[in-house]
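This report refers to the structure that appears directly beneath it.
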Amino acid sequence: MRGYVLKRLAQAVGVLWAAYTVSFLVLDYLPGDPVTAMAGAGMDSGQVDPRQIAALRHEYGFDKPVLAQYAEYLGRAVRGDFGNAVTTGRPVSSTLADALPQTLQLTATALLFAVVLGGGLAVAATYTRRRRLRQLLLSLPPLGVSVPTFWVGLLLVEAFSFRLRWFPAFGNDGPRGLVLPALTLAVPTGAQLAQVLAKSLLTALDQAYVETARAKGAGRWRVHLRHALRNASLPALTVVGLLVGQLIAGSVVVETVFSRDGLGRVTAAAVTAQDIPVVQGVVAFGALVFVTTNLVVDLIYPLLDPRIVVASGRRAGVA
Amino acid sequence: MSRSFVEDPAEAAPGLARPVGASPDPAPDPAPGRRVDVRRTLRFLVLRPGLLLSVVVLVLVAAASFRPGLFTSRDPLKGVPTQNFRGPSGAHWFGTDELGRDVFARVVHGAQLSLKATLIAVLVAFVVGGLLGVVAGFVGRWVDDVLMRFVDVLLSIPALFLSLALVTALGYGTVKVAVAVGIASVASFARVARAEVLRVRQAVFVEAARSCGSRWYSVLGRHVLPNAAGPVIVLATLDLGASILAVSALSFLGYGAPPPAPEWGTLISEGRNYLANAWWLTALPGLAIAATVLATNRVARALDGEWSRQR
Numbered sequence: 239m240r241g242y243v244l245k246r247l248a249q250a251v252g253v254l255w256a257a258y259t260v261s262f263l264v265l266d267y268l269p270g271d272p273v274t275a276m277a278g279a280g281m282d283s284g285q286v287d288p289r290q291i292a293a294l295r296h297e298y299g300f301d302k303p304v305l306a307q308y309a310e311y312l313g314r315a316v317r318g319d320f321g322n323a324v325t326t327g328r329p330v331s332s333t334l335a336d337a338l339p340q341t342l343q344l345t346a347t348a349l350l351f352a353v354v355l356g357g358g359l360a361v362a363a364t365y366t367r368r369r370r371l372r373q374l375l376l377s378l379p380p381l382g383v384s385v386p387t388f389w390v391g392l393l394l395v396e397a398f399s400f401r402l403r404w405f406p407a408f409g410n411d412g413p414r415g416l417v418l419p420a421l422t423l424a425v426p427t428g429a430q431l432a433q434v435l436a437k438s439l440l441t442a443l444d445q446a447y448v449e450t451a452r453a454k455g456a457g458r459w460r461v462h463l464r465h466a467l468r469n470a471s472l473p474a475l476t477v478v479g480l481l482v483g484q485l486i487a488g489s490v491v492v493e494t495v496f497s498r499d500g501l502g503r504v505t506a507a508a509v510t511a512q513d514i515p516v517v518q519g520v521v522a523f524g525a526l527v528f529v530t531t532n533l534v535v536d537l538i539y540p541l542l543d544p545r546i547v548v549a550s551g552r553r554a555g556v557a
Numbered sequence: 013m014s015r016s017f018v019e020d021p022a023e024a025a026p027g028l029a030r031p032v033g034a035s036p037d038p039a040p041d042p043a044p045g046r047r048v049d050v051r052r053t054l055r056f057l058v059l060r061p062g063l064l065l066s067v068v069v070l071v072l073v074a075a076a077s078f079r080p081g082l083f084t085s086r087d088p089l090k091g092v093p094t095q096n097f098r099g100p101s102g103a104h105w106f107g108t109d110e111l112g113r114d115v116f117a118r119v120v121h122g123a124q125l126s127l128k129a130t131l132i133a134v135l136v137a138f139v140v141g142g143l144l145g146v147v148a149g150f151v152g153r154w155v156d157d158v159l160m161r162f163v164d165v166l167l168s169i170p171a172l173f174l175s176l177a178l179v180t181a182l183g184y185g186t187v188k189v190a191v192a193v194g195i196a197s198v199a200s201f202a203r204v205a206r207a208e209v210l211r212v213r214q215a216v217f218v219e220a221a222r223s224c225g226s227r228w229y230s231v232l233g234r235h236v237l238p239n240a241a242g243p244v245i246v247l248a249t250l251d252l253g254a255s256i257l258a259v260s261a262l263s264f265l266g267y268g269a270p271p272p273a274p275e276w277g278t279l280i281s282e283g284r285n286y287l288a289n290a291w292w293l294t295a296l297p298g299l300a301i302a303a304t305v306l307a308t309n310r311v312a313r314a315l316d317g318e319w320s321r322q323r
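Sequences listed follow chains A and D, in order.
Quick note, the first sequence lines up with residues 239 to 557 if you use this note's numbering.
Quick note, the second sequence lines up with residues 13 to 323 if you use this note's numbering.
Here it is as structure tokens:
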């Protein structure tokens, strides 16, 4: 087990390094001249002082060869230092750290909604014996993945803020302000979760152990939840691991729609201002979240399904 | 953005456990004809009203993007200021906006921009991802390892963040947004293409062609590619819907065509300013996006089912 964890950790670090390299290539190497873009970013007029450009070029190390730049950037990134935001001059790390709690609150709530609503939908759709109801429930997830998130958000604001006045439309205040954004963010995630879970539940219900449990006299509900759902939850868990990164990224759209402060707003503003260090920090953070959640998910598998024996370098003895 | 995990066989777990085997559709369709048979195709469609409706929607959207004049004679950019903020009515199906422009005309004319961006995005993903996957699967060995690790890395960055990074680097505009969205979905194409090439490469007829002394390029072009193309094309149709959503999200955020252009996402983000008093400015263009995406996804699902039954 320990060997396995260490191996997975090493893999995760490798992926992070590579993701950072990709973001370096895209952001620092691809633009014809990032410095001109950055120098123009902070101000309104197009006039840029050549001396200022030279100073910026030196400050960001663009006057050095690419490999030297890369080594220096990587060395700083390892220590969590992504440089200073061009527009504000504050360190990127603290800019992101300040914005993060709001976004984590949002994404955690959204994940909760997605799991409860999506999971509930899948369980209900596979449990019911009424064909019409089942068809109706199973047609919801494809709908959920087909609607634009920002549109859902705006419709919710329209209905529940402007018409019914149940929830505030904008801003960060309190749990009431969290409901609509989290719901919006949860729609595509919950829909994908429901699709996967419903599919694997249907597969699980065909298995022999379900038959056995029924034959032993277990109630339908008990068979459904204790036997089928537990086995069917593994693919869904995989999907959750993949979807967490998507939730964080989705906050860009949702926080813009609801004018909430947070990582998403910071990202959107940084892209608009071509604030390259901030965007780089955000990309690295996204990769970190993805890698971490997948690591956690992989480590949870053996707890959910004891048959899964972690196969690291040497085969763990199953025979 | 929202990729479907169910239809995509390549999205298998990156860790230990794999999904407990994908079951066929809960409601298996009666077997349709193998060749393109007009009567059978028609019956296939008539038996599925939803699919028929989806095809109609797609035809309409395609027609709107090539010949917007067929649907509306109004100018999408010039409005009648005295007629601003009119609700939906017989004269203005989708109402009018703050400058008195007809929203329906703007949606119809916007179809061209949004569809163009979507097609570019899918094409970029198809070509780049397909190439990566085919090379990885056909060459094998260390090339396969290197390319697939690269693909894993692309997957580890959330798609929207990757697109945003590319937009930051490339700049604004419909085409650039499209390229950014396309690059962000390269990874899934590469995986599916590789899986298919690997599967076909082991087939008996490929071995036979090899032992007959065919060159590698003719084995690849004649035997492997035609047989591996199906699932990749299905993925492309699936990706169409996801790309429409991703492109419209980026143009909603303001990175698409500059404002007077009626790109779908831009329309909604403009309408957002008048959300409290003119619901139709956001609701109806969004409905157009949702209907198009639903239709492409439904058609993709039908294609997917047929492909899996053909084998």
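Beta carbons: idealized from backbone N, C-alpha and C, even for Gly.
Computed from a prediction, not measured in an experiment: that's the story for all the values here.
Asked	Found
C-alpha gap between residue 36/D and residue 445/A, whole angstroms	Bear in mind that a pLDDT of 41 at residue 36/D, under 50, signals an unreliable position, so the number given afterwards is only what the model happens to contain. Residue 36/D and residue 445/A: Cα-Cα distance of roughly 15 Å.
Identity of the residues DSSP links to residue 108/D by a beta bridge	114/D
Near-chain D residues of the stretch 484 to 497 of chain A - C-beta to any C-beta below 9 Å	484, 485, 486, 487, 488, 490, 491, 494 and 495
Strand pairing of residue 322/A, partner residues [DSSP]	329/A
Near-chain A residues of the stretch 237 to 262 of chain D (beta-carbon distance less than 7 Å), N- to C-terminal order	253, 257, 260 and 261
C-alpha gap between residue 105/D and residue 210/D, whole angstroms	52 Å
Beta carbon proximity, residue 34/D to chain A, threshold 8 Å	Low per-residue confidence applies at residue 34/D: pLDDT is 40, beneath 50, and the placement is therefore not dependable enough to give any value.
8 Å Cβ cutoff met for residue 182/D and residue 191/D	yes
Which of helix, strand or coil DSSP assigns to residue 59/D	coil
Through-space distance from residue 273/D to residue 117/D, alpha-carbon basis	12 Å
Chain E contact for residue 180/D (CB, 8 Å cutoff)	The question asks about chain E, but that chain is absent: this structure's protein chains are A and D.
Segment contact, 8 Å Cβ cut-off, at least three pairs: the stretch 47 to 66 of chain D with the stretch 81 to 88 of chain D	no
Alpha helix (DSSP H) segments (min. 4 residues) lying fully within the stretch 109 to 191 of chain D	115 to 136, 142 to 151, 153 to 168 and 171 to 182
Residue 308/A versus residue 257/A - alpha carbon distance	13 Å
Residue 132/D and residue 524/A closer than 8 Å at C-beta	no
Cβ neighbours of residue 137/D in the same chain (closer than 7 Å, five flanking residues each side left out)	194, 197, 198, 201 and 251
Straight-line gap, residue 206/D to residue 212/D (C-alpha atoms, nearest Å)	10 Å
Proximity below 8 Å, CB of residue 531/A to CB of residue 457/A	no
Distance between beta carbons of residue 527/A and residue 486/A, contact taken as under 8 Å	5 Å
Nearest-angstrom Cα separation, counted from residue 103/D out to residue 87/D	14 Å
Close beta carbons around residue 504/A, own chain, < 8 Å, minus the five adjacent residues each side	333, 334, 337, 516 and 520
Nearest-angstrom Cα separation, counted from residue 223/D out to residue 431/A	47 Å
Through-space distance from residue 412/A to residue 441/A, alpha-carbon basis	42 Å
Inter-residue Cα distance where the pair is residue 266/A and residue 401/A	47 Å
The stretch 358 to 369 of chain A: positions lying closer than 7 Å to chain D by Cβ	none
Residue-level contact to chain D via CB, residue 471/A, 8 Å cutoff	no
C-beta contact flag for residue 293/D and residue 115/D at 8 Å	yes
N-terminal and C-terminal residue of the alpha helix (DSSP H) that residue 276/D is part of	276 to 283
Rounded C-alpha distance that separates residue 221/D from residue 146/D	18 Å
Residue 316/A versus residue 323/A: straight-line alpha-carbon distance, rounded	18 Å
Residues near residue 443/A by beta carbon distance below 6 Å, same chain, minus five either side	466
Any C-beta of chain D under 8 Å from that of residue 524/A	yes
Rounded C-alpha distance that separates residue 237/D from residue 134/D	19 Å
Buried versus exposed call for residue 217/D [16 or more other C-beta atoms within 10 Å across all chains shown]	exposed
6 Å Cβ shell around residue 425/A - same chain, five flanking residues per side excluded	382 and 390
Interface flag, residue 267/D vs chain A, CB-CB below 8 Å	yes
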